[in-house]
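Asks: Dumping the structure here so I can ask a few things about it.
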Amino acid sequence: MKVLVIEDDHKIAGSIKKGLEQEGNTVDLAFDGETGLDLATEVNHDVVILDLMLPKMDGIEVSKSLRKENIHTPILMLTARGGLSDKLIGFESGADDYLVKPFAFEELIARVNALTRRPSEIKNSKLIINNLELDINRFEVKLENKNVGLSR
C-alpha cells in the first residue's frame with residue numbers, strides 16, 4: 001500500500017513512516033500543506049494521513065482542495081484537536097476518518113486498513129500510453145505532458 005503522511009512534526013512523521021514501512025507499506029512524507037497537496041495530486045496514494053495544523057496550508061484546506069480536484073483517496077485526519085466541532089469540520093472538509101493524538105499505533109494501522117478496504121470509485125485512475133495520459137477521476141487528458149481541454 002502507498003501512504004502519504006502530511007505532518008509538520010518531523011518526529012511524529014518519522015515514527016509513522018517507520019511503523020508503516022515495517023508493516024510493508026511505501027510511505028511519502030510532506031511537512032507542510034502545500035507540499036502535501038502537490039504530492040497528493042501528482043502521485044496516486046491508497047490513503048492520506050493528514051494533520052490538521054500545518055504550515056503554508058492547513059489540513060482542512062488540503063482536504064477541501066483534494067475533494068474539489070475530484071481526488072477520492074481516503075483521508076485519515078490525525079490531529080491533537082479532539083473537540084466535537086473540530087471533528088465535524090474535518091469530516092465536512094472531506095476526511096473519511098479522524099484520529100486524535102496521542103494515539104496507539106495499532107489503532108492507526110487498523111483505521112488505515114479499514115479505509116483501504118472500502119471500495120473507491122476507481123483505484124487506478126490514470127491510463128498512460130506512450131505520450132498520452134488519461135486521468136479518469138480528474139477528467140484530464142495530457143498529450144506530451146500538456147493538458148488537452150475536455151468538456152464534461
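For the sequence shown, the UniProt record's numbering gives the first residue as 1, with consecutive numbering after it. Every residue gets a Cβ at the ideal spot worked out from N, C-alpha and C, and that includes glycine. Only a predicted model underlies this, so the values are computations on that prediction, with no experimental measurement involved.
1) Does the separation of the CB atoms of N71 and T26 fall below 8 Å?
2) If I measure Cβ to Cβ from F103 and keep anything under 8 Å in the same chain, skipping five residues before and after, which residues do I get?
3) What did DSSP end up calling K17 once you bin it into helix, strand or coil?
4) With distance defined between alpha-carbon atoms, name the residue in F105, F31, L66 nearest to D96.
5) Using DSSP with H/G/I as helix, E/B as strand and the rest coil, what is E7?
6) From D135 to V3, what distance separates their C-alpha atoms?
7) DSSP three-state call for D97: helix, strand or coil?
Replies: Considering the structure as presented:
1) A small correction: the amino acid at residue 71 is Ile; Asn does not occupy that position in the sequence shown. No, the Cβ-Cβ distance between I71 and T26 is not below 8 Å.
2) L78
3) helix
4) For D96, the nearest C-alpha among the options comes from L66.
5) coil
6) 20 Å
7) The three-state reading of DSSP puts D97 in strand, counting E and B together.
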